[in-house]
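As given, the protein sequences belong to chains C and X, one line each in that order. Counted the way this note's numbering counts, the first sequence spans residues 25 to 146. Counted the way this note's numbering counts, the second sequence spans residues 185 to 661. By construction, the Cβ of each residue, glycine as well, lies at the ideal position given by its N, Cα and C atoms. Okay, so here's the structure we're looking at.
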Amino acid sequence: MRDSTRSRITLKVTEQDVAYVADLANLELTAEERTGMLGDLNSILDYVDRLNELDTSDVPPMAQVSDRYGVDESKQCSERFAYASRDDIPEGLRKSLPHEVALENAPDSDGTFFLVPKVIER
Amino acid sequence: MDLNNLTIEAARSAVQDRTTTAVALAEEHYARIQKEDGQIGAFLTLSKERALEQADRMDFMAAEGKPLPPLGGVPVGIKDVMSTRGVRTTAGSKILDKYVPPCDCTAVTRMEAAGAVVLGKMNCDEFAMGSSNENSAFRPVRNPRDLNRVPGGSSGGSAAAVAADMAVVTLGSDTGGSVRQPASFCGVVGLMPTYGRVSRYGLIAFASSLDHIGPLAKTVKDAAIVLRTIAGRDPMDSTSADVPVPDYVAELDKPVRGLKLGVAKEYFGEGLDDEVRHAVEGAIDKFNSLGCEIVPVSLPHTPYAVPTYYLIATAEASSNLARYDGVRYSHRARGAKTLSDMYRRSRDQGFGAEVKRRIMLGTYALSAGYYDAYYLKAQKVRTLLTRDFDEAFRKVDAIVTPTSPTAAFRLGEKSNDPLAMYLADIYTVTASLAGIPGISVPCGETREKLPIGLQILGKHFGEATILRVAHAYEQAA
């Protein structure tokens, strides 16, 4: 089983990649953590590269196990998952959490809103 | 009463017929926790007030001569990834170390509705990410059978508490083996049901297409009782299946003679410890003598399961864990000047090394330019792995394998090598990806007296069959 894309995928993660991905993930990471991450990601990605031994050009992706049961194959789109739906209830399935309960775990609040540091620098 | 080998039925009967009280039984378990758990570390939080209130209710029912529900007065533990209203729920992470949920997980609600007494919350790897319980942000759990060894993970506290008789049963969660592998390491029974069999509502998400809640128990029958209690459609989880729940307990004693059990060579290859191989082969001989037909099957994509799992699970985790931003309920770093700075510093301080590693890997696999090569590729191989099982289950009723390639390893043995740790899941991630049920049942010991686990895999919604097979083995062994 060959895969023509293999040669394109033998990339290695660089220090710049680590910084870029940390940024996407809202992580800062210390210099030491970044060095560790560089080694770990490269060794893990080297290992997962073995997936390219498999030709999957005609294989559909599988995102959910529940695609495989309960579905009505004769229907289209979301109708196929009718078992998972319910009738609309205008006021919602249940009442929302009371305001004070929703704020109970907040690190900072004024009793009405969650408080956060400045969003826009002036 | 003697807590050793105390089962659900024995505990419930004793409370029902007033041999003891549910309150006394809870107190005896707390005394045992007090005595034993200092060195084991299975519990993170005790919910004594809640437990004693529930125990009191059960005692009141028993005193009035009313029949107790199936778990009436039975002391249980809940893995700390399941929300408990008013009781701190940390997911083993510093980022949630003060979090007190406003709601209960459906599985917990159903356990309590069936009379269970929730003693407390069980230690686990941070966000259920790990195979040794060394990733708990609070303390590692030690294996009650050998304190220098790990209990397995990520439901290590749940397994250790049952093994040390600090709870009659516990709930764990299994994303890639996190119920079955610790059950195997600690010498107890652990069941991962079919994906969708048990509602995930209130379960702190790790990888949503792979997360399952399941019981850890002293006997297969106890696991069946708990599954019967927690299974079934829940409108709060749209992935919970609308499939009838059979009486798993009544099905246990049906004969296994004539059942076809598959054996796949891919689960007996390189890396399998000789003693584990020997024990599992002995179990296969036992099934043969019970009248089961042993059928060779092939699951050719098995060697690709670990890389597939670690791409899909980390991708989903990176998305699920984006919610921990220090705004609504998780740890917030002090002194940040801007919102963006606050997010970063809060997450940097709150997450441990393995969680950061998985967020990074998952974010990378989903990022522009790499999505097709990693995440989409893994989803396609997931289809191939699932087709392997479809094909095999055309020929057999269940498949028997080792649960883990080795018995419990030593603390620290793999903690500096993430890849070696991931390979500890080699026989469990396949069923997680396919969404089929699997159970680990004790199957002898190594020369060093460490437990070995036998894994039995079934068809989608085939829990009744694998429980029956596991029960027959347990009774015969």
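Secondary structure at Thr522 (chain X): strand, using DSSP grouped into helix, strand and coil. Three or more beta-carbon pairs drawn from the stretch 453 to 470 of chain X and the stretch 579 to 595 of chain X are found closer than 8 angstroms, and the two stretches are therefore classed as touching.
Counting of Cβ neighbours within 10 angstroms places Tyr548 (chain X) among the buried residues, the total reaching 16 or more.
Scanning its chain for C-beta atoms nearer than 7 angstroms, with the 5 sequence neighbours on each side dropped, one finds around Gly380 (chain X) the residues Thr423, Ser424 and Ala425, in chain order. Taking a contact as a CB-CB distance under 8 angstroms, the pair Thr492 (chain X) and Leu595 (chain X) does not count as one, their CB atoms being some 29 angstroms apart.
Under the three-state reduction of DSSP, Leu127 (chain C) is assigned to helix.
Look at the stretch 512 to 524 of chain X: the residues with a C-beta under 7 angstroms from a C-beta of chain C are Arg512, Tyr513, Arg516, Ala520, Lys521, Thr522 and Leu523. Taking C-beta atoms under 8 angstroms as the contact rule, Ser339 (chain X) and Pro366 (chain X) qualify, at a distance of about 5 angstroms. Rounded to the nearest whole angstrom, the CA to CA distance from Asp288 (chain X) to Lys250 (chain X) is 27 angstroms. With a threshold of 8 angstroms between beta carbons, Gln88 (chain C) makes contact with chain X. Per the Cβ contact rule, the stretch 497 to 513 of chain X is not in contact with the stretch 571 to 579 of chain X (fewer than 3 Cβ pairs under 8 angstroms). Inside the stretch 385 to 448 of chain X, DSSP marks whole beta strand (DSSP E) runs of 3 or more residues at positions 396 to 401 and 444 to 448, from first to last along the chain. For Ala660 (chain X), the closest of X:Leu474, X:Thr191, X:Val511 and X:Asp358 by C-alpha to C-alpha distance is X:Leu474. One Cα belongs to Arg329 (chain X), the other to Ser342 (chain X), and the distance between them is close to 14 angstroms. Three or more Cβ pairs closer than 8 angstroms define a contact, and the stretch 276 to 293 of chain X falls short of that threshold against the stretch 210 to 224 of chain X. Collapsing the DSSP output to three states places Glu597 (chain X) in coil.
Under the 8 angstroms criterion on CB atoms, Asn129 (chain C) is classed as interfacial with respect to chain X.
Ala582 (chain X) is bridged by DSSP to X:Leu445 and X:Gly642. For Glu629 (chain X), the enclosing beta strand (DSSP E) stretches over residues Gly622 to Glu629.
Secondary structure note for Thr59 (chain C): its alpha helix (DSSP H) is the uninterrupted segment Ala55 to Val72.
For Phe452 (chain X), DSSP assigns no beta-bridge partner whatsoever. Just so you know, the alpha carbons of Glu318 (chain X) and Ala592 (chain X) end up roughly 13 angstroms apart. With contacts defined as CB atoms closer than 8 angstroms, Leu48 (chain C) and Met61 (chain C) fail to qualify as a contacting pair.
Within its own chain, the residues whose Cβ lies closer than 6 angstroms to the Cβ of Gln200 (chain X), once the five positions on either side in sequence are excluded, are Ala246 and Leu252, listed in chain order. Beta-bridge partners assigned by DSSP to Ser357 (chain X): X:Ile397.
Between the C-alpha atoms of Asp431 (chain X) and Met350 (chain X) there is a straight-line separation of about 28 angstroms.
Using beta-carbon distances, Ala604 (chain X) does not count as an interface residue toward chain C, since no partner is under 8 angstroms.
With a threshold of 8 angstroms between beta carbons, Leu51 (chain C) makes contact with chain X. Across the set X:Leu651, X:Asn189 and X:Asp221, the C-alpha of X:Leu651 shows the shortest separation from the C-alpha of Val440 (chain X). Residue contact check for Thr80 (chain C) against chain X: a CB pair falls below 8 angstroms.
Setting aside the 5 residues that flank it on each side, Ser383 (chain X) is surrounded in the same chain by Thr290, Asp418, Asp421 and Ser424, each with a C-beta closer than 6 angstroms to its C-beta; the list follows chain order.
Within the model, the alpha-carbon separation for Tyr283 (chain X) versus Glu296 (chain X) is close to 21 angstroms. Listed in chain order, the non-local C-beta contacts of Leu139 (chain C) below 7 angstroms within the same chain comprise Asp132 and Ser133, local neighbours out to five positions each way being set aside.
Ala389 (chain X) has a beta carbon lying at 8 angstroms or more from every beta carbon in chain C. In this model, Ser98 (chain C) and Val427 (chain X) are separated by some 19 angstroms (Cα to Cα).
Taken in chain order, the members of the stretch 536 to 556 of chain X whose beta-carbon sits within less than 7 angstroms of a beta-carbon on chain C are Lys540, Arg541, Ile543, Met544, Leu545, Thr547, Tyr548 and Ser551.
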